[in-house]
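Numbering (the numbering used here), first residue to last: 4 to 359.
Glycine included, every Cβ here is placed at the ideal spot set by N, Cα and C.
Quantities reported herein were computed from a predicted structural model and do not represent experimental measurements.
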Ligand code: SAH
Ligand code: SF4
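Here it is, written out as structure tokens:
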């Protein structure tokens, strides 16, 4: 049997597996305690398991499959990790420090097929989906890093905003949530988890039906179909007349506030006109909307775009506020390192190609 990541199994799945293998049911809770509370990185350290059980685990699973290729530390405390997967693919994970806690941004796919015209992650087509274990393992790696520093710091928040479209890897993403949310494991509360989608409307309906307290963010980036299609070609498959009803369904079903991400591109989508159109688009769901204005992080390969001026950002913000739309401007983290999503990975791949 090919080895899998032990972090990919929910407690229930691990329990059934142990029973199938003729092991005692209570071993699952013991194993989880070693993994998520004591946070060991070797099965042999699980002292209260018998040698037979340890051997069985060693033959069937691995604990650490990610290799740290690059670790970049920013002056503001942000740490960016470039990990190599078992098959050699590279992914990124970021730790950010906020006044409310430590947040980790995870990757869900190797590359991205959505291909937004401003994004470094989409420069390379999706190679494969990450397994739920590989997504959990990113957080565990960061947590192990913090454990080693010894300041008793815990990862408290998760944003699913790294490389990839999480709703294009839906079942693995859901297993990932179940693992990290479980009180017997990392116990990261659903309200502390945010998933961001480019707007796959059909999956927004499914997500609404899950009945979870997880926060949803939708990358909108433009208030009209014409402009949105120009910036994100996914708008052809899911134009606003499909996306907005899915969002209305989500709001009705969950009564939870949605965050709309709006990347500000100089002279493309940052005029007063677009701010007014955006306010109109969201006017009937003002009470459950928050617009996150994101200053564009320049990406070498997408030199058709520039960051909006401070004046334009402020005017856009004020136009929305005047029309009663809750909004804020995202404060950049780690601006002195390769902060834009997918940038570190694309730079490393270029370097590797140049060497070979
Ligand atoms: N695929 C999902 C989640 C990953 S991208 C999505 O698109 O929502 C997460 C966020 O990072 C998106 O809102 C995206 O627009 C933003 N982003 C991507 N490239 C960026 C860049 N160069 N500068 C600023 N934000 C960027
Ligand atoms: Fe993919 Fe999101 Fe980047 Fe678009 S912004 S290419 S959906 S990762």
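At which residue ranges does the stretch 271 to 312 contain complete beta strand (DSSP E) runs of 3 or more residues, listed in the order of the chain?
292 to 298
I'd like to confirm the pairing. Which residues does DSSP put opposite residue 75 in its beta bridges?
Locating residue 75 in the chain shown gives position 72, counting from the first residue. BP columns for residue 75 point to 83.
Checking 9 Å against the spacing of the C-beta atoms, do residue 333 and residue 301 come in under that value?
Your numbering for residue 333 matches position 330 in the chain shown. Your numbering for residue 301 matches position 298 in the chain shown. The answer is no: Cβ separation not under 9 Å.
How about residue 96 and residue 176: are their beta carbons less than 9 Å apart?
Numbered from 1 along the chain shown, position 93 holds the residue referred to as residue 96. Numbered from 1 along the chain shown, position 173 holds the residue referred to as residue 176. No, these two residues do not count as a Cβ contact at 9 Å.
Could you tell me whether the stretch 133 to 140 touches the stretch 176 to 193, using the rule of 3 or more Cβ pairs below 8 Å?
yes
Over the uninterrupted beta strand (DSSP E) stretch that includes residue 101, give me the two end residues.
Along the chain shown, one-based indexing puts residue 101 at 98. 93 to 101 is the extent of the beta strand (DSSP E) around residue 101.
Closer than 8 Å is the cut-off here; do at least three beta carbon pairs connect the stretch 76 to 87 with the stretch 49 to 63?
no
Restricting to runs no shorter than 3 residues, where is the beta strand (DSSP E) found entirely within the stretch 136 to 213?
158 to 163 and 196 to 200
Under the three-state DSSP convention, the category residue 348 falls into
In the chain shown, the residue the question calls residue 348 occupies position 345. Helix at residue 348.
Pick from 310, 281 and 218: whose alpha carbon is nearest that of residue 228?
Residue mapping note: residue 228 aligns to position 225 of the chain shown, counting from 1. Closest by alpha carbon: 281.
Can you check DSSP and say which residues form a bridge with residue 70?
Counted from its first residue, the chain shown places residue 70 at position 67. Note: residue 70 sits in a beta bridge opposite 87.
With burial defined as no fewer than 16 other Cβ atoms inside 10 Å of the residue's Cβ, what is the status of residue 257: buried or exposed?
Within the chain shown, the letter at position 254 stands for residue 257. Buried, by the Cβ-count rule.
Inter-residue spacing [alpha-carbon to alpha-carbon] between residue 250 and residue 208
Indexing the chain shown from 1 puts residue 250 at position 247. Indexing the chain shown from 1 puts residue 208 at position 205. Roughly 8 Å between the two C-alpha positions.
Quick check: what's the CA-CA separation for residue 205 versus residue 253?
On the chain shown, position 202 is the one that residue 205 refers to. On the chain shown, position 250 is the one that residue 253 refers to. Those two C-alpha atoms are separated by around 11 Å.
Where residue 36 falls: helix, strand or coil (DSSP):
Position 33 of the chain shown, counted from the start, is the residue given in the question as residue 36. Correct three-state label for residue 36: helix.
Indicate, with yes or no, if the ligand SAH has a heavy atom lying under 8 Å from the CB of residue 299.
For the purposes of this step, residue 299 is taken as the residue at position 296 of the chain shown. Checking the Cβ of residue 299 against the ligand SAH gives yes.
Between the Cα of residue 326 and those of 286, 316 and 351, spot the shortest distance and give me the residue it belongs to.
Within the chain shown, the letter at position 323 stands for residue 326. For the residues 286, 316 and 351, the minimum Cα distance to residue 326 belongs to 286.
Which residues bound the beta strand (DSSP E) around residue 126?
For this step, residue 126 is matched to residue 123 along the chain shown. Counting along the chain, residue 126 falls outside any beta strand (DSSP E), and DSSP gives it neither H nor E.
Is the separation between the beta-carbon of residue 319 and that of residue 296 shorter than 9 Å?
For the purposes of this step, residue 319 is identified with residue 316 of the chain shown, where counting begins at 1. For the purposes of this step, residue 296 is identified with residue 293 of the chain shown, where counting begins at 1. Yes. Within cutoff.
If you compare alpha carbons, which of 49, 150 and 265 is closest to residue 220?
If you number the chain shown from 1, residue 220 lands on position 217. Residue 220 has its Cα closest to that of 265, out of 49, 150 and 265.
Straight-line gap, residue 337 to residue 26 (C-alpha atoms, nearest Å)
Sequence index remark: in the chain shown, residue 337 carries index 334 (1-based). Sequence index remark: in the chain shown, residue 26 carries index 23 (1-based). Roughly 47 Å separates the two Cα atoms.
Please classify residue 65: does DSSP put it in a helix, a strand, or coil?
Along the chain shown, one-based indexing puts residue 65 at 62. Strand at residue 65.
Go to residue 238, then tell me how far its beta strand (DSSP E) extends in each direction, as first and last residue.
Looking up residue 238 in the chain shown gives position 235. Note, residue 238: premise wrong, no beta strand (DSSP E); alpha helix (DSSP H) at 237 to 240.
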